[in-house]
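S.K.:
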Amino acid sequence: MKNITTYVFLFLTLLLLSQGVYAQKIGKKQIDTDLIEVEALISQEKYVEAKEIIDRTITSCRSLSLFTELSQANYLKGNISNNSGLYEEAFTFYWTSYTLSKLNEDLPSQFDPLFAMGELFYRQGYYSKAIEYFDKCDKIIYVITTSKYRLALNDRLSDCYYKTHDYAKAIGYYFELRKYSIQYQKFEKEIKGTRGIANCFAKQSEYNSAIEYELILIPRFKSLGFEDDIDRTYLRIASDYKHINNLHKADEYYNLVLQSKSSTNETDLEALINSARINILAQSVNQDRVIRYLNRALEISQKINDISSELDVRNLYSLMYYSQSDNKNAKQYIQKAIEAMPNEACYDEKLMIYQLAIEIYKKDNDYDLVSKYQKNYIDILHKKLNIRERELLDEKADELEVDKMERIGQISSFDEQLMKLIKDRVVEQESAHENEIKLMQSERKRRALVKDNNERMFLSRLDSLSSENEKRKLEEELYIAQKNELKAKTVLQRDSIQTLQFERKIKEEQNLASRAKRARNYLAAFIVIGIAILVILLVFFFSIRKSNKKLKDKNVIIEREHHLTEEALVQLKQTQSQLLESERLASLGQLTAGIAHEIRNPLNFVNNFSELNLELAQELREEIQENISDSEVVEDVTELAEMIRINSEKISQHGERAARIIKQMLDSSRKGSTVFEETNIAQLLEDTAKLAYQGVRGRNVDFAADLRFDFDPNIGKVNVVSNDLGRVIINLVTNSCHAMIEKMELDHNYTPIINISSKDLGDSIQLIIEDNGIGINKDVLSKIFDPFYTTKPTGVGTGLGLTMSFDILTKVHKGEISVESEPNEFTRFKLIIPKSIS
Numbered sequence: 003m004k005n006i007t008t009y010v011f012l013f014l015t016l017l018l019l020s021q022g023v024y025a026q027k028i029g030k031k032q033i034d035t036d037l038i039e040v041e042a043l044i045s046q047e048k049y050v051e052a053k054e055i056i057d058r059t060i061t062s063c064r065s066l067s068l069f070t071e072l073s074q075a076n077y078l079k080g081n082i083s084n085n086s087g088l089y090e091e092a093f094t095f096y097w098t099s100y101t102l103s104k105l106n107e108d109l110p111s112q113f114d115p116l117f118a119m120g121e122l123f124y125r126q127g128y129y130s131k132a133i134e135y136f137d138k139c140d141k142i143i144y145v146i147t148t149s150k151y152r153l154a155l156n157d158r159l160s161d162c163y164y165k166t167h168d169y170a171k172a173i174g175y176y177f178e179l180r181k182y183s184i185q186y187q188k189f190e191k192e193i194k195g196t197r198g199i200a201n202c203f204a205k206q207s208e209y210n211s212a213i214e215y216e217l218i219l220i221p222r223f224k225s226l227g228f229e230d231d232i233d234r235t236y237l238r239i240a241s242d243y244k245h246i247n248n249l250h251k252a253d254e255y256y257n258l259v260l261q262s263k264s265s266t267n268e269t270d271l272e273a274l275i276n277s278a279r280i281n282i283l284a285q286s287v288n289q290d291r292v293i294r295y296l297n298r299a300l301e302i303s304q305k306i307n308d309i310s311s312e313l314d315v316r317n318l319y320s321l322m323y324y325s326q327s328d329n330k331n332a333k334q335y336i337q338k339a340i341e342a343m344p345n346e347a348c349y350d351e352k353l354m355i356y357q358l359a360i361e362i363y364k365k366d367n368d369y370d371l372v373s374k375y376q377k378n379y380i381d382i383l384h385k386k387l388n389i390r391e392r393e394l395l396d397e398k399a400d401e402l403e404v405d406k407m408e409r410i411g412q413i414s415s416f417d418e419q420l421m422k423l424i425k426d427r428v429v430e431q432e433s434a435h436e437n438e439i440k441l442m443q444s445e446r447k448r449r450a451l452v453k454d455n456n457e458r459m460f461l462s463r464l465d466s467l468s469s470e471n472e473k474r475k476l477e478e479e480l481y482i483a484q485k486n487e488l489k490a491k492t493v494l495q496r497d498s499i500q501t502l503q504f505e506r507k508i509k510e511e512q513n514l515a516s517r518a519k520r521a522r523n524y525l526a527a528f529i530v531i532g533i534a535i536l537v538i539l540l541v542f543f544f545s546i547r548k549s550n551k552k553l554k555d556k557n558v559i560i561e562r563e564h565h566l567t568e569e570a571l572v573q574l575k576q577t578q579s580q581l582l583e584s585e586r587l588a589s590l591g592q593l594t595a596g597i598a599h600e601i602r603n604p605l606n607f608v609n610n611f612s613e614l615n616l617e618l619a620q621e622l623r624e625e626i627q628e629n630i631s632d633s634e635v636v637e638d639v640t641e642l643a644e645m646i647r648i649n650s651e652k653i654s655q656h657g658e659r660a661a662r663i664i665k666q667m668l669d670s671s672r673k674g675s676t677v678f679e680e681t682n683i684a685q686l687l688e689d690t691a692k693l694a695y696q697g698v699r700g701r702n703v704d705f706a707a708d709l710r711f712d713f714d715p716n717i718g719k720v721n722v723v724s725n726d727l728g729r730v731i732i733n734l735v736t737n738s739c740h741a742m743i744e745k746m747e748l749d750h751n752y753t754p755i756i757n758i759s760s761k762d763l764g765d766s767i768q769l770i771i772e773d774n775g776i777g778i779n780k781d782v783l784s785k786i787f788d789p790f791y792t793t794k795p796t797g798v799g800t801g802l803g804l805t806m807s808f809d810i811l812t813k814v815h816k817g818e819i820s821v822e823s824e825p826n827e828f829t830r831f832k833l834i835i836p837k838s839i840s
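Mapped onto our numbering, the consecutive letters of the sequence shown carry residue numbers 3 to 840.
Following this line, the structure appears as C-alpha cells:
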C-alpha cells in the first residue's frame, strides 16, 4: 500500500513538472517574439505601444522565472524611458538588467546595460560618473576578448577622460579609437581619434606633437572633401605655432585660412585678429596690412554681432598705436573700446582693455584716469571670480544630484523578493570575477616581467663580452642551461605521473568499498526525499496559485485606477480650455469700456460735421437763389463748397478711425487664428497699446499716463498672426497700467510713463514694453509665466494672460519673451519675433 502511494505521488510530481516545463517553453517562445517586436517599435519611435508590450513581457518573465529574458526586457524598457526623456526611470531599469545579468553569470549581457548607464551620465555632462560605468565595460571586454564593442567604448572613454582633463589616459583611448576606426573603415571616427590625440598633446603643451597629428588630418580632409575642417585645422596649427613662439609659421597658416574659398565669417575673423596680433607683438608692424586686417575683422564682428571679438579688435587698434609710441591715437581707440563694452559678460576682454588703458594713461601721467580704470579692473576681476565660484557650486550641486539619482535608481530597481533572491549570488560572483581578472592580469605581468628580465640579462652580458668566442661560449652556456632545465622538467613530470597513477589506484579501491554502502543509503533516502519533494512541490504549487490570484486582483485595481486617472486628465484639459476661453472673454470685457470711450469722440465729430454740412448746404442754396449773378456771391459759394469738402474729409477720416477701433474689438473677441499675414508692426503696436490704455481709463477715470512710441523705421511689414500678437500687446500694456495705478496710490507726485519701442535685429525684430510702475519682486519674477499664477486679488485675474502671451510668442511665432524688473522702479518686457518662420 505504501509503495502504491509512493508511486502515485511520484507520478503526480512528474506530471506537474512536465506541465511546468511545457508552460515555460510556450511562455518563453511568446516572450522572445514580444522582445523582437519591442525592438522594432523602439526603432520606429513608437514608445507607447512598446511600453505596453514590455510591461506584459516583464510580468510573464517574473511568473516563469526567466531571468535571462527578464534582464533583456528591463534593458529594452530602459531604452524606452531614455528615449522618452525619463532618465532616472531609465537608470532604474538599466541597473535591474545589469544585476540580473550578473545573476545569470552572462558577461556579454552585462555590457549593454552598463554602457547605457554610462551613456546616460555622458550625455548629461557627468563625465566622472560615466567613466565608472565605461571602465566596467572595459573590464568585461578584457575578459571576453571581443572587439564588437571596442569602437563605441573607446570613443566614449577618450571623450570622458578628455573632458575630465586626464589627457594621458585620453591619448591612449584616442589611439585605440583610431586603430579600430581604420580596421572597420569608420573614417569620421578615425578623424576624431587623430584630432583628439592632437588636442591632448596641445593641452599638455606638447605643441610639436600636436602639429604632427594635425598635419596628418589635412590630406585626409582633402581626400574626403571636408573643406571647412581644413580651415579649422589650419587655425589650430597656427595657434600651436604661436604657443612655441614660431610667429612666422603661425602667420603663414592664418593667411592660408584667409586665402581659402571655403572659409566662413567665424574662421576669417579668428585668422584676421590673430594675424594682426602676431604682427603687433612681433614689433615688425606692417601698419597698412594690420589696419586692413583690423578693419575687416571689425566689420565681420559687427555683422555677426560678436561683441567679444569686436572688443578684441578695438583693443588691438589701441595696442598697435601704443607699441609705436603714438599715445594720441592709442587713447582715441582705447576710449572707443571702453564705450563699446556691454554691461555684463566679456570679462576677459574688459580686463585686457582696462590693463592697456592703465598703461597708456600712466605714460601721460593722467593718474585720475589711471585710478579710475584700476578700480574698474578690480571690480571686473571680482565679478569674474564670483561667477567662477558660483559655477563650481553649481557643479558640486549637480554631482550631489547625480549621486542621489544613482542611489534611488539602484534601490528602487527590485522588489524585496527579487533582491533577496539575488543578493548573495551577486556579491559572490562579483568578487569571483574580480579575483579572476586580477589573477589573469598579474599572471600576464609576471610572465612578461620574467621574459623581459631574462632577455635583458642575456643582452647585457652579451654586449659586455669583448670577443666573438666569449659570445659563443655564453650562447653554449645558455643552451646547456635550457637543456638541463628541460631534463629536470621531464623527470618531474614522470615522477608526478607515477604518483598520480598510484593515488588513482588507491582511490579506486576506496570507491569500490564505499559504493555498496552508498547504494544502501541511497535506497533508504530516496523514499524520504521523494515524499519531501512532493510535499514541497504541492506547497509551491498552491502558493503560486494564490500569488497569481493576488496578482490578478492587483491588476484589476491598477486598471481601474488607470482608467480613472485618464478620465481626470481629460476633465483637467477641458477645464484648462474653458479657463483660457474665460480669460479671452475677460480681456474683451476689460476692453469694452475703453472702446466705448474711444469710439464716442470720432462719432461726435461725424455728427457735428454732418450737421454743419447741412447748414452750409442750405446757405449755399439760398445764396444761389437770391444772388446768382453777383461775382462776390460766386466767391462765397466757392468758399462754402470748399468748407463742405474739408468737412467731408474729416467725416471720412474719423469714420475710418471708428471702423478701425471696432475691427480691433472684433479681432480681440475672436478665437485665435494661426494665419500669418504681412502686418505693419508700428501701426499694430500703436493701435493695440492705445486700445488697452483707453480700456483701463474707462474703469479708472482719474488715471492718465504718457504713452511714448519709438519705432525703428527700418522695420517694414512682418509676417505675424496679428490678432494673437495684438492680444499679447493688450495684455502687457494692461498689466503696465495696473502696475502704474498701484504706484499712484502710494505716491501722488508720480508721473506714469509707458515706453513702447521696436528695433530691427536683422533676421528678427525686437519689441520692448517698459513702464515705471510698482515693479515685480524677484521671488515672483520666475513664476509669472506659469499657468494660473497671479498676484492680483481673487476674482480680478485668472493668471492666464501672461501664459497665453508666452505660448503665442514661443509656440506660434517661434520667438522669445523675457522680463526684467526692479521693484518700485521699472518693468521691461522684451519680445523677439523672427521675420520668417520655417
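The beta-carbon is built from N, C-alpha and C at its ideal position, and this holds for glycine as well.
Shortest alpha-carbon distance to residue 714 belongs to which of 727, 732, 685?
M.R.: For the purposes of this step, residue 714 is taken as the residue at position 712 of the sequence shown. That would be 685, whose Cα lies nearest to the Cα of residue 714.
S.K.: Would you tell me roughly how many angstroms separate the C-alpha atoms of residue 839 and residue 350, rounded to the nearest one?
M.R.: In the sequence shown, the residue the question calls residue 839 occupies position 837. In the sequence shown, the residue the question calls residue 350 occupies position 348. In a straight line, the C-alpha of residue 839 is about 36 Å away from that of residue 350.
S.K.: What residue range is occupied by the uninterrupted beta strand (DSSP E) comprising residue 223?
M.R.: Within the sequence shown, the letter at position 221 stands for residue 223. That residue, residue 223, is in no beta strand (DSSP E); its alpha helix (DSSP H) goes 209-226.
S.K.: In the DSSP assignment, find the beta strand (DSSP E) that holds residue 836 and state where it starts and stops.
M.R.: The residue labelled residue 836 in the question sits at position 834 within the sequence shown. Start and end: 828-836.
S.K.: What three-state label does DSSP hand residue 784 in the structure shown?
M.R.: Walking along the sequence shown from the start, residue 784 turns up at place 782. Coil at residue 784, not helix or strand.
S.K.: Under 8 Å Cβ to Cβ from residue 695, same chain only, skipping five residues before and after it: list those, please.
M.R.: The sequence position of residue 695 within the sequence shown is 693, counting from 1. Taken in chain order, the residues that qualify are 596, 707, 709, 735, 739, 756.
S.K.: Can you list, in chain order, the residues of its chain with a C-beta nearer than 6 Å to that of residue 262? Leave out the 5 residues immediately preceding and following it.
M.R.: By 1-based counting over the sequence shown, the position of residue 262 is 260. Taken in chain order, the residues that qualify are 233.
S.K.: Using only alpha-carbon positions, find the residue among 213, 235, 384 that is nearest to residue 248.
M.R.: As a first step, residue 248 must be located in the sequence shown, where it is residue number 246. Selected option, being the one with the closest Cα: 213.
S.K.: Would you please state the rounded distance, in angstroms, between the beta carbons of residue 198 and residue 176? I believe it to be under 8 Å.
M.R.: The residue given as residue 198 occupies position 196 in the sequence shown. The residue given as residue 176 occupies position 174 in the sequence shown. Confirmed, Cβ separation roughly 4 Å.
S.K.: Select from 639, 742, 58 the residue whose C-alpha is nearest the C-alpha of residue 829.
M.R.: The count along the sequence shown starts at 1 and reaches residue 829 at position 827. That would be 742, whose Cα lies nearest to the Cα of residue 829.
S.K.: According to the neighbour-count rule (16 or more other Cβ atoms, all chains shown, within 10 Å of its Cβ), is residue 207 buried or exposed?
M.R.: Here residue 207 corresponds to residue number 205 of the sequence shown, with the count starting at 1. Its Cβ having fewer than 16 others within 10 Å, residue 207 is exposed.
S.K.: For residue 269, which residues from the same chain have a beta carbon less than 7 Å from its beta carbon, with the 5 sequence-adjacent residues on both sides left out?
M.R.: In the sequence shown, counting from the first residue as 1, residue 269 sits at position 267. Cβ neighbours of residue 269 beyond the five flanking positions: 233, 234, 237, 259.
S.K.: Look up residue 705 in the DSSP assignment and say whether it is helix, strand or coil.
M.R.: Within the sequence shown, the letter at position 703 stands for residue 705. Looking at residue 705 - three-state DSSP - the assignment turns out to be coil, as it is neither helix nor strand.
S.K.: For chain C, is any of its Cβ atoms less than 8 Å away from the one on residue 44?
M.R.: In the structure shown, chain C does not exist; there is a single protein chain.
S.K.: Can you name the start and end residues of the beta strand (DSSP E) that residue 818 belongs to?
M.R.: For this step, residue 818 is matched to residue 816 along the sequence shown. Start and end: 818-824.
S.K.: Could you give the first and the last residue of the continuous alpha helix (DSSP H) run that contains residue 723?
M.R.: As a first step, residue 723 must be located in the sequence shown, where it is residue number 721. Neither: residue 723 is in no alpha helix (DSSP H) and is coded neither H nor E.
S.K.: Indicate the three-state DSSP secondary structure (helix, strand or coil) for residue 544 in the structure shown.
M.R.: For the purposes of this step, residue 544 is taken as the residue at position 542 of the sequence shown. Helix at residue 544.
S.K.: Would you grab the beta carbon distance between residue 320 and residue 342 for me? Rounded to a whole angstrom, and I think it's under 8 Å.
M.R.: Start at 1 with the first residue of the sequence shown, and residue 320 comes out as number 318. Start at 1 with the first residue of the sequence shown, and residue 342 comes out as number 340. Actually they are not in contact, since the Cβ atoms of residue 320 and residue 342 sit about 12 Å apart, beyond 8 Å.
S.K.: Mind checking which residues open and close the beta strand (DSSP E) that includes residue 716?
M.R.: Counted from its first residue, the sequence shown places residue 716 at position 714. Taken as a continuous stretch (DSSP letters only), residue 716 belongs to no beta strand (DSSP E), as it is neither H nor E.
S.K.: Determine the direct distance from the alpha carbon of residue 541 to that of residue 432, and round the result to whole angstroms.
M.R.: As a first step, residue 432 is located in the sequence shown; it is residue number 430 there, counting from the start. As a first step, residue 541 is located in the sequence shown; it is residue number 539 there, counting from the start. Because residue 432 sits at a pLDDT of 46, beneath the cut-off of 50, its placement in the model cannot be relied upon, and the point is left open.
S.K.: Identify which residue in 770, 186, 135 has its Cα closest to the Cα of residue 163.
M.R.: For the purposes of this step, residue 163 is taken as the residue at position 161 of the sequence shown. That would be 135, whose Cα lies nearest to the Cα of residue 163.
S.K.: Give the single residue among 744, 763, 681 whose Cα lies nearest to the Cα of residue 716.
M.R.: The residue labelled residue 716 in the question sits at position 714 within the sequence shown. It is 763.
S.K.: Consult DSSP for residue 773 and reduce its assignment to one of helix, strand or coil.
M.R.: One-based indexing of the sequence shown puts residue 773 at position 771. Strand, per DSSP.
S.K.: Look at residue 33 and residue 63 and say whether their C-beta atoms are less than 8 Å apart.
M.R.: Locating residue 33 in the sequence shown gives position 31, where the first residue counts as 1. Locating residue 63 in the sequence shown gives position 61, where the first residue counts as 1. Yes, the Cβ-Cβ distance between residue 33 and residue 63 is below 8 Å.
S.K.: Go through its chain and collect everything with a Cβ distance to residue 1's Cβ below 6 Å, but skip five positions before and after it.
M.R.: Outside the displayed span of the chain (3 to 840) sits residue 1, for which this structure offers no information.
S.K.: List the endpoints of the continuous beta strand (DSSP E) containing residue 310.
M.R.: The residue you call residue 310 lines up with position 308 of the sequence shown. Counting along the chain, residue 310 falls outside any beta strand (DSSP E), though it belongs to the alpha helix (DSSP H) covering 309-325.
S.K.: Please name the residue, chosen from 723, 375, 77, that lies closest to residue 354 on a Cα-to-Cα basis.
M.R.: For the purposes of this step, residue 354 is taken as the residue at position 352 of the sequence shown. Ranking the options by Cα distance to residue 354, first place goes to 375.
S.K.: Report the residue from 140, 96, 252 whose alpha carbon sits nearest the alpha carbon of residue 123.
M.R.: Along the sequence shown, read from residue 1 onward, the residue named residue 123 stands at position 121. Minimum Cα distance to residue 123 is reached at 96.
S.K.: Kindly indicate which three-state DSSP category residue 438 falls into: helix, strand or coil?
M.R.: The residue you call residue 438 lines up with position 436 of the sequence shown. Low confidence applies to residue 438: its pLDDT is 47, below 50, so where it sits in the model is not reliable, and the reading given next is rough at best. It is helical.
S.K.: Could you tell me the alpha carbon to alpha carbon distance between residue 545 and residue 529, rounded to whole angstroms?
M.R.: Here residue 545 refers to the residue found at position 543 when the sequence shown is read from its first residue. Here residue 529 refers to the residue found at position 527 when the sequence shown is read from its first residue. Looking at the two C-alpha atoms, the distance is approximately 24 Å.
S.K.: Which term fits residue 50, buried or exposed, when burial requires 16 or more other beta carbons within 10 angstroms of its beta carbon?
M.R.: As a first step, residue 50 is located in the sequence shown; it is residue number 48 there, counting from the start. Exposed, by the Cβ-count rule.
S.K.: Quick one: Cα of residue 68 to Cα of residue 533, how far?
M.R.: Within the sequence shown, residue 68 is the residue found at index 66, counting from 1. Within the sequence shown, residue 533 is the residue found at index 531, counting from 1. Between residue 68 and residue 533, the C-alpha separation is close to 27 Å.
S.K.: Consult DSSP for residue 538 and reduce its assignment to one of helix, strand or coil.
M.R.: Taking the sequence shown and counting its residues from 1, the one referred to as residue 538 is at position 536. Helix.
S.K.: Just the Cα atoms here: how many angstroms apart are residue 223 and residue 253?
M.R.: Residue numbering aside, residue 223 sits at position 221 when the sequence shown is read from its first letter. Residue numbering aside, residue 253 sits at position 251 when the sequence shown is read from its first letter. Rounded to whole angstroms, residue 223 to residue 253 spans 22 Å at the Cα level.
S.K.: Runs of 4 residues minimum, wholly inside the segment 244-315: which ones carry the alpha helix (DSSP H) assignment?
M.R.: Listed in chain order, the complete alpha helix (DSSP H) runs (minimum 4 residues) inside the segment 244-315 are 249-261, 267-283, 289-305.
S.K.: What does residue 201 pair with, by DSSP beta-bridge criteria?
M.R.: Reading the sequence shown from its first residue, position 199 is the one you call residue 201. Looking at the DSSP assignment, residue 201 forms no beta bridge with any residue, so it has no partner.
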